[in-house]
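Have a look at the structure below, then the notes.
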Amino acid sequence: MSEQARRRPHKPYRRPQKDPVRMLAFEALRAVDERDAYANLVLPPLLKKAREKGDFDGRDAALATELVYGTLRRQGTYDAVIAACVDRPLREVDPPVLDVLSLGAHQLLGTRIPTHAAVSASVELARVVLGDGRAKFVNAVLRKISQQDLDAWVQQVAPPYEEDAEDHLAVVHSHPRWVVSALWDSLGGGRAGIEDLLEADNERPEVTLVARPGRATTEELAAATETLPGRWSPYALRMAEGGEPGAIGAVKEGRAGVQDEGSQLVAIALANAPLDGADGRWLDGCAGPGGKAALLAALASERGAALLASEKQPHRARLVERALAGNPGPYQVIAADGTRPPWRPGSFDRVLMDVPCSGLGALRRRPEARWRRRPEDLDAFAPLQRALLTEALRAVRVGGVVGYATCSPHLAETRVVVDDVLKKVGGAELIDARPLMPGVPALGEGPDVQLWPHLHGTDAMYLALLRRTG
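Numbering of the sequence shown is given in the numbering used here, commencing with residue 13 and proceeding in unit increments.
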């Protein structure tokens, strides 16, 4: 060793500093990746714990939320950028390292955090959770990413639209290619529409409240917190950003709730569908977790009708019981399989079947779902969806109405199911659902209805109304 090297002072080791915001965001992403957890279920308890420890204020919580959801929404785009900056396939990068890189990429490309702060905070996080060796790798990759903005990166890593339109849209708007293709088919073609929809999927959804009729009013909710009127539902209010629904008295008491306006419209349309004869027995055949059931129960009680809310999974049935607790009219909650129901045929005047589905209509709320779903998942849902609709038509009396709903716009889960069951079962006809959503534009050619995030500001809910004729 040279004399000069011996005289050079050693740089003292500095212990990495824990950043509570980025540590929490990393912990949430690991839960999503390792346990297939949903961010909207993982994040609230983590934030609550951080607040109780005194680590977080409102701004910290907002940043942590943005880091988690922003990273998940843009994961496909960021993966393409990161892949261009590493010397190995992404599948060979350890998942925790990839999570830190994705968090860093989002700070660099998707937020206004200054470049030096985004890189240094991400490297510091890497030192804490990965160790100094891999932190150097993170530093090198993020410095490459920081050399261009998002638009420049997208232009580099996405194939030209003219050469491969679906792959271009998949990279630019961070959706799996098969989802892009399915949504495009459901929309009916046209570049502008699909781009608007994909971009809407990447926007943070508003928090929408529902004032359950006969139990709360929109005026009461508006007086309790800062809101905007709902767009379409007479029972809806949109909360101002940063509002806390759980702090509202009517929400605490179950007289109001958090419910997307598309879900409200589905329940209202079924409740208002024209009916011949008696109107005293309603069924929600897939009631969990209880949002639509609570609105239906409130609407039913105003008319002197009773609601039976059925849910196959006992733990979800308990959520339904909690949602309906205190409803002024008669109701009952049971745990039962809608494909092998305990009720007799023809027992009900109105039936809602909001069937299990891929959830492609709620990608704004559960962005990680787009990366978990596979085309073959639809094959698994198909028999169940057909069986549930078939039993719904058996459950309703002649002259009664069935609402078939999904939180998916995929044609294989919507019109194809309805058409197949109508052909097989017979004795039923479609009702035009569009007049039952008055004032809502762009509902399509009917008689069924498809709502869209980019057109209506709702989840992509689908509704077909069927009347039993024999």
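In this text, a Cβ means the ideal position worked out from N, Cα and C, and glycines have one as well.
Discussion item. Short of 7 Å in beta carbon distance, which residues of its chain neighbour alanine 381, apart from the five on each side in sequence? Order them along the chain.
Written reply: Gly371 and Leu375
Item to complete: Answer with buried or exposed for leucine 240, where buried requires no fewer than 16 other C-beta atoms within 10 angstroms of its C-beta.
Response: exposed
Worksheet entry | Which residues DSSP lists as bridging phenylalanine 360, in chain order | Val408
Worksheet item: Does the beta-carbon distance from valine 429 to arginine 398 come in below 8 Å?
Response: yes
Worksheet item: If alanine 305 sits next to alanine 321, beta carbons under 8 Å apart, how far is it from one beta carbon to the other, in whole angstroms?
Response: 4 Å
Worksheet item: How about valine 270: is its C-beta nearer than 8 Å to some C-beta of chain B?
Response: Structure shown: chain B not included; a single protein chain is present.
Discussion item. Please state whether the Cβ-Cβ distance between alanine 74 and glycine 254 is less than 8 Å.
Written reply: yes
Practice prompt. May I ask you to verify whether the stretch 421-428 touches the stretch 387-394, counting CB pairs closer than 8 Å and requiring at least 3?
Written response: yes
Worksheet item: If cysteine 419 sits next to methionine 365, beta carbons under 8 Å apart, how far is it from one beta carbon to the other, in whole angstroms?
Response: Rounded, the Cβ-Cβ distance is 13 Å, inconsistent with contact.
Item to complete: Kindly indicate the opening and closing residues of the alpha helix (DSSP H) around isoleucine 260.
Response: Unbroken run through isoleucine 260: none, as it is neither H nor E.
Fill in: Touching by the beta-carbon criterion (3+ pairs, under 8 Å), the stretch 229-247 and the stretch 180-195
no
Worksheet item: Going by the CB atoms, is the gap between leucine 79 and histidine 118 shorter than 8 Å?
Response: yes
Worksheet item: Relative to the alpha-carbon of threonine 220, which residue among Tyr173, Val166 and Arg377 has its alpha-carbon at the smallest distance?
Response: Arg377
Worksheet item: How would you write the range of the beta strand (DSSP E) that glutamine 29 sits in, first residue to last?
Response: Neither: glutamine 29 is in no beta strand (DSSP E) and is coded neither H nor E.
Fill in: Helix, strand or coil at glutamine 159 [DSSP, three-state]
coil
Worksheet item: What are the partner residues of leucine 295, as DSSP defines its beta bridges?
Response: Leu320 and Val363
Worksheet item: Along the chain, which unbroken stretches of the alpha helix (DSSP H) at least 4 residues long are found entirely within the stretch 143-192?
Response: 144-157, 162-169 and 177-185
Worksheet item: With burial defined as no fewer than 16 other Cβ atoms inside 10 Å of the residue's Cβ, what is the status of arginine 85: buried or exposed?
Response: buried
Discussion item. Is it buried or exposed, methionine 13, if we count other Cβ atoms within 10 angstroms and call 16 or more buried?
Written reply: Below a pLDDT of 50, predicted positions are generally treated as unreliable, and methionine 13, at 48, falls in that range; the measurement from the model is reported next regardless. By the 10 Å Cβ count, methionine 13 comes out exposed.
Discussion item. What would DSSP say about glutamine 325, mapped onto helix, strand or coil?
Written reply: coil
Worksheet item: If you run the structure through DSSP and keep just helix, strand and coil, what is glutamate 104?
Response: helix
Discussion item. Taking 7 Å as the limit between beta carbons, can you name the residues of its chain near alanine 37, skipping five residues before and five after?
Written reply: Ala76, Leu79, Val80 and Leu115
Discussion item. Using 8 Å for Cβ pairs, my map puts glutamine 325 next to glycine 300. What's the rounded Cβ distance?
Written reply: 6 Å
Practice prompt. May I ask you to report which of helix, strand or coil DSSP gives valine 413?
Written response: strand
Worksheet item: Nearest-angstrom Cα distance between glycine 438 and glycine 415?
Response: 16 Å
Worksheet item: Going by C-alpha distance, which of Ala317, Ser313, Glu323 and Arg315 is nearest aspartate 296?
Response: Glu323
Worksheet item: Since glycine 269 is in the beta strand (DSSP E), which residue starts that stretch and which ends it?
Response: 268-270
Discussion item. What ranges does the alpha helix (DSSP H) occupy inside the stretch 423-458, keeping only unbroken runs of at least 4 residues that lie completely in it?
Written reply: 427-437
Discussion item. Is glycine 371 a contact residue of the ligand HEM, with contact defined as CB to any heavy atom under 7 Å?
Written reply: Looking at this structure, you won't find the ligand HEM or any other ligand, since it has none at all.
Worksheet entry | When Thr89, Leu162, Arg315 and Ala152 are compared against arginine 124, the one with the closest alpha-carbon | Leu162
Worksheet item: Would you call alanine 17 buried or exposed, if buried means 16 or more other Cβ atoms sit within 10 Å of its Cβ?
Response: Here alanine 17 scores only 48 on pLDDT, less than 50, and its place in the model is too uncertain to base an answer on.
Practice prompt. Please report how far the alpha carbon of glycine 412 lies from the alpha carbon of phenylalanine 360, in whole angstroms.
Written response: 7 Å
Worksheet item: What is the residue span of the beta strand (DSSP E) that arginine 385 lies within?
Response: Note, arginine 385: premise wrong, no beta strand (DSSP E); not H, not E.
Item to complete: Apply the 10 Å Cβ neighbour rule to threonine 83 and answer buried if 16 or more other Cβ atoms are within range, or exposed otherwise.
Response: buried
Item to complete: May I have the straight-line CA-CA distance separating proline 354 from alanine 404, to the nearest angstrom?
Response: 12 Å
Practice prompt. Starting from the Cα of proline 452, find the closest Cα among Glu441, Leu442 and Trp464 and give me that residue.
Written response: The sequence as given places valine at residue 452; proline does not occur at that position. When only C-alpha atoms are compared, the closest one is Trp464.
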